[in-house]
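A.B. asks:
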């Protein structure tokens, strides 16, 4: 809904989606992040989508070197980074070419015409300058020589041409701050702090911010620039909030879990996009008993984590799909030894190294079944950045209570995206202190809790508890190595029963929005949650009988899930792979679901799911 507010010459918007796009060296991620911070401080709900190239520094001006940052913010609930940007800031021809197809018809393009040289046009694959023909006639185009105006604004600080041009993202940010009525002070304060040892650089960037803002003020009439107002989101629960991305929230959730379980945490990992930020965050939390170990490779990393668990700490390892593949044998060792281990898989597009910086949900098979032998583990899937915190805690609880590996599935979209997060009261969270075995009476390392079937956890060096564990099968009654066929059957069965029994210790499947027993349900997991939620709400507003079933507990599945799914006439399973969850549900429940898939490296749009809902609802009626 748009309402003109003449008194202040602002156009009132419920929500707006802005996309910053430029070369990988243009600072678009920084620009988008800082605009997000200011937007959060102003009280708007928001969701972001950093979209960057795989190459650290791709050839300047090429389409595969475009780095973009999209933010959707509003006074209403925001659960996705937006389908179609309303505003596109394009810093060069390549950025325009890559981002134009997604822009809403009639949307605003703010473009740096100073970067539209013949050389840059050719690099982007243009034969004609799109700013000079009618190819952009469906949009509002504001051509500004941002490069020239930036150089003019910082010339007094004596920077070289290269360094001066680097400030053009700040000039652009100043203009966008003016456009949406956002304050500059948080940005200038941040610049002063960031460059406190380089005052000329700090002052130049501040001058660029101010110049971009001033241009908006002085050129409003002549350039026909508009201003927009997006109000505060007032329906949030009261409390202290901060912006958080998925990797940060997951790291904090794991630490919170270790505190609630009273068990030290050790991360053994090897860097990989998009999971490396987990190491970066945890390495700064040593005061909470966290130890981080960057190993020489993925195998050493996971084995180090398993060693930590053997020693009585909680071992955690993190990677993406290619790294999880390398860790597979060692994960089997953790299953065989029945040690707690949290495995974080921040998924990316595959196979092999695939698309390192793009998102996908294609590691579901790998998580549930991807090991030699009958080797079940617990699998959880985070749904959005703030959900990562809760999932991290739950992973620690289940791993330590049931003495089992737990895999947490996130993805590049969740890991890198940001949203407001209400900081919880850690003292209000339920504790689950770890219980170590200390009694030598009748001890053997695979002595089990009759209720959970978890084996005892004995720290090496505890008097009277000398033992050994390893990958060779163990005797059920003594823990000694055993090659007996009947014993292997028994041990395989009990390990499977332990994991299956966890279904009694996790929440039943909920339906929201909607209720069981309707005509149509959309099933999702992981980062599809926001898009499905919005699509289902829009469909329900059209009087379509549709509900949303979102699965967090991937394995074991919730104990009532079969009943819930069978209560609907038809089920759509939406996921960013070629139908892995749909096939899993078919295997478990003989569910004949309609598979909606996407493997472009980009998250679902709300409209893609909404169109499928309309189509399937029409077939039912």
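Numbering (the numbering used here), first residue to last: 131 to 751. In this text, a Cβ means the ideal position worked out from N, Cα and C, and glycines have one as well. What you are looking at is a predicted structure, and each value in this text was computed from that prediction instead of being measured.
If you measure between the beta carbons of residue 163 and residue 660, is that distance less than 8 Å?
C.D. replies: No, they are not a contact pair.
A.B. asks: Cutting at 6 Å between CB atoms, please list the residues of its own chain near residue 654, excluding the five before and the five after it.
C.D. replies: Only 662, 680, 704 meet the Cβ criterion.
A.B. asks: With a CB to CB cut of under 8 Å and the five nearest residues on each side skipped, what residues in its chain are close to residue 426?
C.D. replies: Excluding positions up to five away in sequence, the list reads 400.
A.B. asks: Would you give the residue range spanned by the beta strand (DSSP E) that residue 393 belongs to?
C.D. replies: Element bounds for residue 393: n/a, residue is neither H nor E.
A.B. asks: Give the DSSP-derived three-state secondary structure of residue 522 in the structure shown.
C.D. replies: Three-state result, residue 522: helix.
A.B. asks: Per DSSP, what kind of secondary structure is residue 719 in: helix, strand or coil?
C.D. replies: Looking at residue 719 - three-state DSSP - the assignment turns out to be helix.
A.B. asks: Kindly indicate which three-state DSSP category residue 746 falls into: helix, strand or coil?
C.D. replies: Helix, per DSSP.
A.B. asks: Return the residue from the list 482, 195, 411 that minimises the CA-CA distance to residue 155.
C.D. replies: For the residues 482, 195, 411, the minimum Cα distance to residue 155 belongs to 195.
A.B. asks: Could you check whether the region 478–491 touches the region 443–459, counting it as contact only if at least three pairs of C-beta atoms, one from each stretch, sit closer than 8 Å?
C.D. replies: Segments in contact, yes.
A.B. asks: Flag this pair as touching only if the region 281–297 and the region 335–351 have three or more C-beta atom pairs under 8 Å; answer yes or no.
C.D. replies: Taking 8 Å as the limit for Cβ pairs, the verdict is that the region 335–351 does touch the region 281–297.
A.B. asks: Under a three-way DSSP split, which group does residue 272 fall into?
C.D. replies: Here residue 272 sits in strand by DSSP.
A.B. asks: When the distance is taken between beta carbons, is residue 559 closer than 8 Å to residue 538?
C.D. replies: Not in contact: residue 538 and residue 559 (Cβ atoms no closer than 8 Å).
A.B. asks: Buried or exposed: residue 323, going by 16 or more other Cβ atoms within 10 Å of its Cβ?
C.D. replies: It counts as exposed.
A.B. asks: Alpha helix (DSSP H) containing residue 685: first to last residue?
C.D. replies: Taken as a continuous stretch (DSSP letters only), residue 685 belongs to no alpha helix (DSSP H), being part of the beta strand (DSSP E) at 683–685.
A.B. asks: Quick check on residue 505: buried or exposed, where buried means 16 or more other Cβ atoms within 10 Å of its Cβ?
C.D. replies: Result: buried.
A.B. asks: DSSP beta-bridge partners for residue 467?
C.D. replies: According to DSSP, residue 467 bridges with nothing at all.
A.B. asks: Could you check which residue in 328, 254, 318 has the C-alpha nearest to that of residue 340?
C.D. replies: Residue 340 has its Cα closest to that of 318, out of 328, 254, 318.
A.B. asks: Determine the DSSP secondary structure at residue 262, reduced to helix, strand or coil.
C.D. replies: Coil, per DSSP.
A.B. asks: Bridge partners for residue 610 per DSSP, in chain order?
C.D. replies: According to DSSP, which records beta bridges pairwise, residue 610 is partnered with nothing at all.
A.B. asks: Could you check if residue 557 is buried or exposed, using at least 16 other CB atoms within 10 Å of its CB as the buried criterion?
C.D. replies: Under this definition residue 557 is an exposed residue.
A.B. asks: Which whole-angstrom value describes the C-beta separation of residue 152 and residue 222, a residue pair presumed to lie in contact below a C-beta threshold of 8 Å?
C.D. replies: 6 Å between Cβ atoms; contact.
A.B. asks: Can a CB atom of chain B be found closer than 8 Å to the CB of residue 316?
C.D. replies: The structure shown contains no chain B; it is built from a single protein chain.
A.B. asks: Along the alpha helix (DSSP H) that carries residue 543, what are the first and last residues, could you check?
C.D. replies: First-last of the alpha helix (DSSP H) with residue 543: 542–546.
A.B. asks: Give the DSSP-derived three-state secondary structure of residue 243 in the structure shown.
C.D. replies: Helix at residue 243.
A.B. asks: Any idea if residue 555 is buried or exposed, counting beta-carbon neighbours within 10 angstroms, 16 or more meaning buried?
C.D. replies: Exposed, by the Cβ-count rule.
A.B. asks: Confirm, please, whether the CB-CB distance from residue 474 to residue 457 is below 8 Å.
C.D. replies: No, they are not a contact pair.
A.B. asks: Going along the chain, which residues of its own chain have a beta-carbon closer than 7 Å to the beta-carbon of residue 503, five neighbours each way excluded?
C.D. replies: So the list reads 462, once near-sequence residues are dropped.
A.B. asks: According to the Cβ coordinates, are residue 638 and residue 689 closer than 8 Å?
C.D. replies: Against a cut-off of 8 Å, the Cβ pair of residue 689 and residue 638 comes out as a contact.
A.B. asks: Closest by CA to residue 383, which one among 521, 265, 624?
C.D. replies: Of the listed residues, the one whose Cα sits closest to residue 383 is 521.
A.B. asks: Which full runs of the beta strand (DSSP E) of 3+ residues lie inside the region 645–721, going along the chain?
C.D. replies: Taking only runs of at least 3 residues, the beta strand (DSSP E) segments lying wholly in the region 645–721 are 650–655, 676–681, 683–685, 700–705.
A.B. asks: Quick test of your reading: residue 357 and residue 309, contact by CB under 8 Å. State the CB separation rounded to the nearest angstrom.
C.D. replies: Indeed they touch by this definition, with Cβ atoms about 6 Å apart.
A.B. asks: Per DSSP, residue 585 forms a beta bridge with which residues?
C.D. replies: For residue 585, which the question treats as bridged, DSSP gives the partners 578.
A.B. asks: I need the straight-line Cα distance from residue 157 to residue 225, nearest angstrom please.
C.D. replies: Residue 157 and residue 225: Cα-Cα distance of roughly 13 Å.
A.B. asks: Got a sec, what are the start and stop residues for the alpha helix (DSSP H) residue 625 sits in?
C.D. replies: Here the alpha helix (DSSP H) through residue 625 covers 615–631.
A.B. asks: Helix, strand or coil: how does DSSP classify residue 333 here?
C.D. replies: Correct three-state label for residue 333: helix.
A.B. asks: Run through DSSP, which three-state label would residue 319 get?
C.D. replies: Helix at residue 319.
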